[in-house]
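**Q** Residue numbers (the numbering used here), protein chains in the order written: chain Y, 1 to 265; chain P, 266 to 334.
1. State the DSSP-derived secondary structure class of residue 125 of chain Y, mapped to helix, strand or coil.
2. Which value, in whole angstroms, describes the spacing of the CA atoms of residue 13 of chain Y and residue 52 of chain Y?
3. Measuring CB to CB, does residue 170 of chain Y end up less than 7 Å from residue 38 of chain Y?
4. Got a sec: is the Cβ-Cβ distance from residue 287 of chain P to anything in chain Y below 7 Å?
5. Do the region 31–47 of chain Y and the region 224–234 of chain Y touch if we need at least three Cβ pairs shorter than 8 Å?
6. Going along the region 126–143 of chain Y in order, which residues come within less than 8 Å of chain P, judged by CB to CB distance?
7. For residue 266 of chain P, which three-state DSSP category applies?
8. Between the alpha carbons of residue 65 of chain Y and residue 152 of chain Y, how many angstroms are there, rounded?
9. Given this structure, state the Cα-to-Cα distance separating residue 141 of chain Y from residue 50 of chain Y, to the nearest angstrom.
10. Distance cutoff 7 Å, beta carbons only. Does residue 79 of chain Y sit that close to anything in chain P?
11. Taking buried to mean at least 16 other C-beta atoms within 10 Å of its own C-beta, is residue 250 of chain Y buried or exposed?
12. Buried or exposed: residue 269 of chain P, going by 16 or more other Cβ atoms within 10 Å of its Cβ?
13. Could you work out which residues of chain Y lie near residue 302 of chain P, taking near to mean beta carbons separated by less than 9 Å?
14. Just the chain P side, please: which residues come within less than 7 Å of residue 225 of chain Y by C-beta, in chain order?
15. Taking a Cβ distance cut-off of 9 Å, strictly less, list which residues of the region 81–101 of chain Y are near chain P, in chain order.
16. If you run the structure through DSSP and keep just helix, strand and coil, what is residue 252 of chain Y?
17. Please name the residue, chosen from Y:144, Y:235 and Y:105, that lies closest to residue 25 of chain Y on a Cα-to-Cα basis.
18. My assumption, with CB atoms under 8 Å, is that residue 157 of chain Y sits in contact with residue 47 of chain Y. Please give the rounded CB distance.
19. Indicate, with yes or no, if the ligand NAP has a heavy atom lying under 6 Å from the CB of residue 163 of chain Y.
20. Roughly how many angstroms separate the alpha carbons of residue 83 of chain Y and residue 289 of chain P, rounded to a whole number?
21. Alpha carbon to alpha carbon, what distance is there between residue 281 of chain P and residue 198 of chain Y?
22. Is the Cβ-Cβ distance between residue 212 of chain Y and residue 69 of chain Y less than 7 Å?
23. Looking at C-alpha atoms only, which residue of Y:208, Y:27 and Y:192 is the closest neighbour of residue 107 of chain Y?
24. Give me the residue from Y:218, Y:240, Y:93 and Y:34 with the minimum Cα distance to residue 309 of chain P.
25. DSSP state of residue 58 of chain Y, grouped into three classes?
26. In terms of residues, what are the limits of the alpha helix (DSSP H) holding residue 168 of chain Y?
27. Using the beta-carbon of each residue, which ones in chain Y are nearer than 7 Å to residue 316 of chain P?
28. Quick one: measure Cβ to Cβ for residue 16 of chain Y and residue 168 of chain Y, integer angstroms, because I've assumed they're closer than 8 Å.
29. What residues in its chain sit with their C-beta under 8 Å from that of residue 245 of chain Y, if we drop five residues either side in the sequence?
30. Whole angstroms are fine: how far does the CA of residue 201 of chain Y sit from the CA of residue 54 of chain Y?
31. Counting beta carbon pairs with one atom in the region 310–325 of chain P and one in the region 286–302 of chain P, are three or more of them shorter than 8 Å?
32. Just how far apart, CA to CA, sit residue 96 of chain Y and residue 333 of chain P?
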């Protein structure tokens, strides 16, 4: 396996793994509190919707967009996703935001599930179905985007798909064996790493794709080709570490109530 | 109408997320780089480096605004 393919599989594996862990927490909460039949029906419906969405989005992106426009579109999306993750990871590492905890997330979901009223249609609990569907579909669309964008841009969609499939398989297996949220996974560290990866690849492709606005509409070239992704990775890592140190010093003192609200955000 | 609103909200949540300033920073940095290219101020290696530096700078500004806001 070539280095770039290995990097591609590793990146899609890590990004998908984090998303699948979040989806699993929601489905487990619905399954244990409202019933497995409705939770699994919602999950199955979301997987069917995701398959249709993947085919439509993959076809549209690869058929209609010229190469540079494709790089700009996927690069911009990856950048926004990656920097959102990097923002949260930086705020968490600097103590300005509470750490994400799957056990807490699970407790919140189960409390909401217990408090919700019961309305059944066709023998299915509407609440459990809707929450499971929404959770799996939302997290799944992110996986789909990451797989499509990484796969198309690196010219190896099957490798990207395999990265996500293996991640999904491992999370499902762990969920089936443990019957509880995967809180032992170092999720905050994983999200930090994935944020750095998405931001680096996103920067590379988005800037390359800006060539679509130039004469000839050709992609721009990075000095050193693919190797510049490593330089970008180092750049984002360095910047995030500097921000972790500097941001707490720039924060204005806030009233206690407002601080708690902000930490939870 | 409810479906349309839900559809728009889904994509807003998906792409913009919790903090609109990140998406704004990305678009602003890329727009600035396009401007430098179309105005003929920069090209080639210098242009891609300025693009990356603009992304670093706008992300930093968005984080500072976030923390101080």
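Ideal Cβ positions, reconstructed from N, Cα and C, are used throughout, including at glycine.
**A** In this structure, then:
1. Here residue 125 of chain Y refers to the residue found at position 125 of the first chain. Three-state result, residue 125 of chain Y: strand.
2. Translated into the one-based positions of the first chain, residue 13 of chain Y becomes position 13. Translated into the one-based positions of the first chain, residue 52 of chain Y becomes position 52. Distance between the alpha carbons of residue 13 of chain Y and residue 52 of chain Y: 21 Å.
3. As a working note, residue 170 of chain Y is residue 170 in the first chain. As a working note, residue 38 of chain Y is residue 38 in the first chain. It is not a contact, given that the beta carbons lie outside the stated cut-off.
4. Taking the first residue of the second chain as position 1, residue 287 of chain P is located at position 22. Yes, residue 287 of chain P counts as interfacial toward chain Y.
5. no
6. 138, 141 and 142
7. In the second chain, residue 266 of chain P corresponds to position 1, counting from 1. Coil at residue 266 of chain P, not helix or strand.
8. Translated into the one-based positions of the first chain, residue 65 of chain Y becomes position 65. Translated into the one-based positions of the first chain, residue 152 of chain Y becomes position 152. Their backbone Cα atoms lie some 11 Å apart in a straight line.
9. As a position in the first chain, residue 141 of chain Y is number 141, starting the count at 1. As a position in the first chain, residue 50 of chain Y is number 50, starting the count at 1. When rounded, the distance between both Cα atoms is 7 Å.
10. Within the first chain, the letter at position 79 stands for residue 79 of chain Y. Taking Cβ atoms only, chain P reaches closer than 7 Å to residue 79 of chain Y, which makes this a yes.
11. As a position in the first chain, residue 250 of chain Y is number 250, starting the count at 1. Per the 10 Å Cβ criterion, exposed.
12. Within the second chain, residue 269 of chain P is the residue found at index 4, counting from 1. So residue 269 of chain P counts as exposed.
13. Position 37 of the second chain, counted from the start, is the residue given in the question as residue 302 of chain P. What residue 302 of chain P touches in chain Y: 210, 211, 213, 214 and 220.
14. Translated into the one-based positions of the first chain, residue 225 of chain Y becomes position 225. Those do not exist, as residue 225 of chain Y stays about 11 Å from chain P at its closest Cβ, beyond 7 Å.
15. 81, 83, 84, 86, 87, 88, 90, 91, 94 and 96
16. For the purposes of this step, residue 252 of chain Y is identified with residue 252 of the first chain, where counting begins at 1. Coil at residue 252 of chain Y, not helix or strand.
17. Stepping through the first chain from its first residue, residue 25 of chain Y is reached at position 25. It is Y:105.
18. On the first chain, residue 157 of chain Y is found 157 positions in, with the first residue counted as 1. On the first chain, residue 47 of chain Y is found 47 positions in, with the first residue counted as 1. Not really, about 19 Å apart at Cβ, beyond 8 Å.
19. This structure does not include the ligand NAP; it has no bound ligands of any sort.
20. In the first chain, counting from the first residue as 1, residue 83 of chain Y sits at position 83. In the second chain, counting from the first residue as 1, residue 289 of chain P sits at position 24. Looking at the two C-alpha atoms, the distance is approximately 11 Å.
21. Indexing the first chain from 1 puts residue 198 of chain Y at position 198. Indexing the second chain from 1 puts residue 281 of chain P at position 16. Whole-angstrom Cα-Cα distance: 15 Å.
22. Residue numbering aside, residue 212 of chain Y sits at position 212 when the first chain is read from its first letter. Residue numbering aside, residue 69 of chain Y sits at position 69 when the first chain is read from its first letter. Contact flag set, yes.
23. Position 107 of the first chain, counted from the start, is the residue given in the question as residue 107 of chain Y. Looking at the Cα atoms, Y:27 is the closest of the given residues.
24. On the second chain, residue 309 of chain P is found 44 positions in, with the first residue counted as 1. Comparing Cα positions, the closest option is Y:218.
25. The count along the first chain starts at 1 and reaches residue 58 of chain Y at position 58. In this structure, residue 58 of chain Y counts as helix in the three-state DSSP scheme.
26. Translated into the one-based positions of the first chain, residue 168 of chain Y becomes position 168. Looking at the DSSP string, the run of the alpha helix (DSSP H) that includes residue 168 of chain Y is 157–178.
27. Numbered from its first residue, the second chain carries residue 316 of chain P at position 51. Simply 207 and 210.
28. If you number the first chain from 1, residue 16 of chain Y lands on position 16. If you number the first chain from 1, residue 168 of chain Y lands on position 168. Contact holds; Cβ gap of about 6 Å.
29. Here residue 245 of chain Y refers to the residue found at position 245 of the first chain. Correct list, in chain order: 94.
30. For the purposes of this step, residue 54 of chain Y is identified with residue 54 of the first chain, where counting begins at 1. For the purposes of this step, residue 201 of chain Y is identified with residue 201 of the first chain, where counting begins at 1. Rounded to whole angstroms, residue 54 of chain Y to residue 201 of chain Y spans 21 Å at the Cα level.
31. yes
32. If you number the first chain from 1, residue 96 of chain Y lands on position 96. If you number the second chain from 1, residue 333 of chain P lands on position 68. Whole-angstrom Cα-Cα distance: 11 Å.
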